[in-house]
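Report on the following structure.
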Amino acid sequence: MWSFNGVNSALGKSGAAWYYTWSTTHSGVSGPGFVPMIWGSASASTGALAQAKQAGPYLLGFNEPDMSAQSNMTVDQALSLWPKLEAAGKVLGSPAVAYGGDTAGGWLDRFMSGAKAKGYRVDFIALHWYGGDFSTPNAVAQLKSYLQAVYNRYHKPIWLTEFALIDFSGGTRFPTDQQQAAFVTSAAKMLDGLPYLQRYAWFGLGADDSKPSSGLFRSGAVETPAGRAFEAAR
5 MWSFNGVNSA LGKSGAAWYY TWSTTHSGVS GPGFVPMIWG SASASTGALA QAKQAGPYLL
65 GFNEPDMSAQ SNMTVDQALS LWPKLEAAGK VLGSPAVAYG GDTAGGWLDR FMSGAKAKGY
125 RVDFIALHWY GGDFSTPNAV AQLKSYLQAV YNRYHKPIWL TEFALIDFSG GTRFPTDQQQ
185 AAFVTSAAKM LDGLPYLQRY AWFGLGADDS KPSSGLFRSG AVETPAGRAF EAAR
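Quick note: the sequence shown uses my numbering, first residue 5, plus one each step.
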């Protein structure tokens with residue numbers, strides 16, 4: 005999540021038990037359960053890792069290393085830095101790929117195979133999921149199928165650290181507010197019933213005030229329809 009007008013009030017109203025900022029700092033946010041992240045190769049610095057050590061029991065690994073517009077790392081680069089993340093002594097989440105976490109030979113599969121071969125520790129799998137099918141039953145089924153496939157491949161607990169209905173297949177397309185809210189309600193019920201899913205985080209807490217987005221709260225901590233659905237699901 006990122007800072008915006010009313011962010012702390014919005015975080016409290018959401019009922020969320022934890023949050024992260026794609027960083028090792030709070031970015032002006034105060035609330036329960038902050039989880040630091042080492043976002044990319046430049047973030048694996050002595051200073052950032054020292055901050056992570058002070059921020060509770062968990063640490064999230066690299067953000068979408070499979071995407072050129074995100075942390076953009078090869079598997080070998082990620083593996084070369086992984087001992088630094090392990091040395092922080094935290095319960096450690098895998099790099100969170102943008103897609104294909106269940107794909108044999110995909111970025112995450114090669115990372116996990118490399119980590120196993122080197123004896124590196126990965127305590128849970130972090131995942132992102134965005135759905136381009138705005139039918140609630142279809143989207144919930146697709147998300148559940150993806151999570152199950154990833155669990156079947158790695159047999160580790162899962163944190164779903166970004167998810168929403170957004171279609172990136174030809175630009176960026178959002179569902180209606182009502183479709184997004186319906187998905188929040190049904191997805192939360194499904195996710196709460198998965199024994200291997202330890203945590204999930206909607207993308208994102210803040211909503212754009214002037215154009216469509218998937219966020220839960222506009223400036224001033226004003227709920228969107230999805231935000232009201234998220235509150236009710238807590």
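Built from N, CA and C at the ideal position, the CB exists for glycine as well. Predicted model only: the values in this text are computed from it and were never measured.
8 Å is my cut-off, CB to CB: does residue i come that close to chain B?
i          : result
residue 56 : The chain inventory of the structure shown lacks chain B, comprising one protein chain alone.
Buried or exposed for residue i, please, with buried defined as at least 16 other CB atoms from any protein chain shown within 10 angstroms of its CB.
i           : result
residue 67  : buried
residue 180 : exposed
residue 98  : buried
residue 106 : buried
residue 199 : exposed
residue 120 : exposed
residue 236 : exposed
Taking the alpha-carbon of residue i as reference, which of the options has the nearest alpha-carbon?
i           : options            : result
residue 30  : 19, 59, 45         : 59
residue 35  : 24, 210, 95        : 24
residue 233 : 94, 93, 185, 142   : 185
residue 136 : 114, 85, 52, 146   : 146
residue 96  : 113, 127, 202, 116 : 127
residue 102 : 201, 182, 227, 150 : 150
residue 203 : 129, 12, 190       : 129
Compare the beta carbon distance of residue i and residue j with 8 Å and say whether it is the shorter of the two.
i          : j           : result
residue 89 : residue 63  : yes
residue 26 : residue 70  : no
residue 76 : residue 224 : no
residue 42 : residue 52  : yes
Would you kindly work out how many angstroms separate the C-alpha atoms of residue i and residue j, rounded to a whole number?
i           : j           : result
residue 188 : residue 100 : 21 Å
residue 194 : residue 175 : 29 Å
residue 79  : residue 32  : 32 Å
residue 3   : residue 172 : Here the chain covers residues 5 to 238 and nothing more, so residue 3 does not appear.
residue 122 : residue 161 : 21 Å
residue 213 : residue 231 : 14 Å
The ligand GTP heavy atoms versus the CB of residue i: any closer than 7 Å?
i         : result
residue 5 : The ligand GTP is not part of this structure, which contains no ligands at all.
At a cut of 8 Å, does the segment 163–172 reach the segment 207–225 through at least three beta carbon pairs? yes
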